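The structure appears right after this line, and notes come after that.
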């Protein structure tokens, strides 16, 4: 039963209008007798000061140790996973999961341009034999312009090549054009992407519900590797590779497109690539 006695349940004031009524410190006078001062001085000896100082030092040292341990623990918790084995990449780039991007837009011409721009060429690299031995990589095709290097295709760029190949396969089928992609090539790319998904075993829990259109993970943030850093590493180790898919030609001619314009191959008057 609620009482109507307002004085009994008067609320505590949240603000003070003045210090009056809260304390009568102004009217208080403390009198300390001389003999009491002498007693206090006698009780506070140099040994007491020394003991107190030692205790304070020990407490400070202990606090510093605990703080350092706490900071190191937090640092370990926030530290990204170990770098990738070859390009030294961290998963330190937060990127949202988008339900759709420009790659799925309504402007089919623009969408096609984006997918066609995906190329695996940049990912063809030439690595030194010393590096190959250090990383225990398999024996590879010798780089035509430097036999001390082997040619490799980075996995991420092979995936881009496969994505573009599958896009072409879908577009040729959907638009009724002549099919230029062999079914075996399309199935190869699908299986390569499947193997990559299984290998990465991404354990990100994508939340369900509360998103339009219905789906999972919309707007959720994942920690990713920085693709631009992978591209920089690939360019630093470029094999000067460029090739138009499904177009035959001498293999050696595919290694004559260095990003910085260098010419690593012998040049003669009949070389149309320079």
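In my numbering, the protein residues as written are 1 to 274.
Glycine residues also receive a C-beta, built at the ideal position from the N, C-alpha and C atoms.
Nothing here was measured: the structure is a model prediction, and the numbers come from that model.
Using beta-carbon positions only, say whether residue i and residue j come within less than 7 Å of one another.
i, j, result
"residue 226", "residue 93", "yes"
"residue 217", "residue 97", "yes"
"residue 123", "residue 157", "yes"
"residue 189", "residue 165", "yes"
"residue 284", "residue 114", "Residue 284 lies beyond the range of the chain shown here (1 to 274); nothing can be said about it."
"residue 251", "residue 91", "no"
"residue 148", "residue 179", "no"
On the criterion of 16 or more Cβ atoms from any shown chain inside 10 Å, does residue i qualify as buried, or is it exposed?
i, result
"residue 213", "exposed"
"residue 207", "exposed"
"residue 120", "buried"
"residue 131", "exposed"
"residue 55", "exposed"
"residue 199", "exposed"
"residue 135", "exposed"
"residue 143", "buried"
"residue 169", "buried"
"residue 152", "buried"
"residue 266", "exposed"
"residue 133", "exposed"
"residue 161", "buried"
"residue 187", "exposed"
"residue 108", "exposed"
"residue 183", "exposed"
"residue 85", "exposed"
Candidates the options: which alpha carbon is nearest residue i's?
i, options, result
"residue 99", "190, 193, 221", "221"
"residue 140", "164, 150, 253", "150"
"residue 236", "248, 249, 258", "258"
"residue 145", "239, 245, 244, 250", "239"
"residue 191", "209, 159, 215", "159"
"residue 87", "154, 167, 253", "154"
"residue 185", "245, 90, 111, 260", "245"
"residue 163", "233, 117, 204", "117"
"residue 125", "211, 101, 234, 147", "234"
"residue 287", "85, 83, 89, 82", "Outside the modelled stretch of the chain, which goes from 1 to 274, sits residue 287, for which no answer is possible."
"residue 255", "242, 228, 262, 183", "242"
"residue 83", "268, 210, 209, 229", "229"
Is residue i close to chain D, meaning its C-beta is less than 7 Å from at least one C-beta of that chain?
i, result
"residue 92", "In the structure shown, chain D does not exist; there is a single protein chain."
What residue range does the alpha helix (DSSP H) around residue i cover?
i, result
"residue 152", "Run containing residue 152: none in the alpha helix (DSSP H); it sits in the beta strand (DSSP E), 146–153."
"residue 111", "108–116"
"residue 235", "227–236"
Classify residue i as helix, strand or coil using the three-state DSSP reduction.
i, result
"residue 95", "strand"
"residue 190", "helix"
"residue 127", "strand"
"residue 254", "helix"
"residue 278", "Residue 278 lies beyond the residue range present for the chain, which begins at 1 and ends at 274; the question has no answer from this structure."
"residue 198", "helix"
"residue 262", "coil"
"residue 216", "strand"
"residue 222", "strand"
"residue 22", "Since pLDDT at residue 22 reaches only 36, below the 50 mark, its modelled position is unreliable, and the value read off the structure follows with that caveat. Coil, per DSSP."
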